[in-house]
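Here's the structure we're looking at; comments come further down.
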Amino acid sequence: MSAASVEHTPYDACDDEPPTLLETASELMEQHPGYRVEIIGGVITVAPPADGPHARALTKLMRPFITAGLDDGETSVLQAIGLWLPAGPEDYAIPDLAVVDADIDEHLIEHNCYDPLCFRLVLEVTSSNHANDLKHKVAAYAEAAIPVYVIVNRKNERIHLLTDPVPGEATYKNHTLHARGHQVTLPDSVGAKVTLDVTELLEAGKRKPRAATPAPSSEHPAAE
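Here my numbering runs 51 ahead of the position in the sequence shown, where the first position is 1.
Shown next as structure tokens:
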């Protein structure tokens with residue numbers, strides 16, 4: 052999704068303290084219903100609602116996880132759930148898709164966000180916020196020790212698989228790219244055998260061309 056950084060909302064000079072980042076984020080969510088507001092590295096980002104292809108790709112993505120049984124038993128497959136981040140005192144992200152432990156309700160921290168220890172995988176489908184998904188969120192998720200991070204890069208038509216976060220370095224040890232025609236097998240740490248079809252997912256995430264509008268007829272009724 053397209054994301055833009057946001058400055059603090061101005062506050063009255065008579066106030067004792069300026070609003071916190073979380074207070075500002077909450078205000079932005081109230082002002083922009085349906086937008087995704089996150090705090091990554093101490094910076095608030097605001098993303099508009101996803102387009103149709105983005106949502107279609109997520110629907111396709113959920114199927115192999117559910118078919119593998121990851122939405123029952125020890126794990127759940129969830130969209131847009133808050134993930135509390137250790138990088139800053141108020142940092143949090145809302146990944147497009149996540150595989151989490153089934154007892155996640157017991158690990159609520161703050162602001163409807165949950166302990167990263169409950170997350171086995173996070174996944175993002177890009178729109179125009181490539182720097183956020185491919186750079187800032189890589190560091191944030193690695194620092195949070197999320198074992199597996201998958202990025203469906205619609206612009207460059209690749210799927211990124213990042214595994215094995217490096218302690219203290221805010222990066223992943225392994226980062227592989229997968230093009231059309233490839234099958235991506237996810238690590239067993241997810242909880243079941245899951246394979247993603249790159250071509251199918253990239254096709255789902257493509258914007259379909261609009262049907263051409265017929266040109267108006269140049270013919271005129273014959274004069275009587």
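Don't be surprised by glycine CBs; every beta carbon is placed ideally from N, CA and C.
Cβ neighbour criterion (16 or more within 10 Å) applied to Asp-154: Exposed, by the Cβ-count rule.
Buried versus exposed call for Asn-163 [16 or more other C-beta atoms within 10 Å across all chains shown]: Burial call: exposed.
Pick from Val-203, Asp-156 and Gly-92 that is closest to Phe-170, judged by C-alpha positions: The shortest C-alpha separation from Phe-170 is found at Asp-156.
Rounded distance between the beta-carbons of Glu-141 and Ile-90, thought under 8 Å: Here Ile-90 really is in contact with Glu-141; their C-beta atoms are around 6 Å apart, less than 8 Å.
Coarse secondary structure for Thr-71, derived from DSSP in three states: Note: Thr-71 maps to coil in three-state DSSP.
Asn-225, buried or exposed, once every other Cβ within 10 Å from all chains shown has been counted against 16: With fewer than 16 other Cβ atoms within 10 Å, it is exposed.
Element boundaries [beta strand (DSSP E), containing Lys-224]: Run containing Lys-224: 222–229, per the beta strand (DSSP E) assignment.
Nearest neighbour of Val-176, chosen from Thr-71, Leu-112, Leu-213 and Ser-77 [CA to CA]: For Val-176, the closest of Thr-71, Leu-112, Leu-213 and Ser-77 by C-alpha to C-alpha distance is Leu-112.
Selection from Gly-124, Ala-190, Arg-258 and Tyr-165 that minimises the alpha carbon distance to Lys-206: With distances taken between Cα atoms, Lys-206 lies closest to Arg-258.
Exposure of Val-115, with buried meaning 16 or more beta-carbon neighbours within 10 Å: Note on identity: in this sequence residue 115 is Pro, with Val being the wrong assignment. Answer is buried; the Cβ neighbour count reaches 16.
Endpoints, the beta strand (DSSP E) within which Asp-87 is located: The displayed chain sequence assigns Arg, not Asp, to residue 87. Its beta strand (DSSP E) spans residues 87–91.
Limits of the unbroken beta strand (DSSP E) element including His-211: From DSSP, the beta strand (DSSP E) with His-211 extends over 209–217.
Three-state class that DSSP yields for Val-249 in the structure shown: Reduced to three states, the DSSP call for Val-249 is helix.
Asp-215 and Ile-202 closer than 8 Å at C-beta: Contact flag unset, no.
Gly-133 in three-state terms, based on DSSP: For Gly-133, the secondary structure class from DSSP, reduced to helix, strand or coil, is strand.
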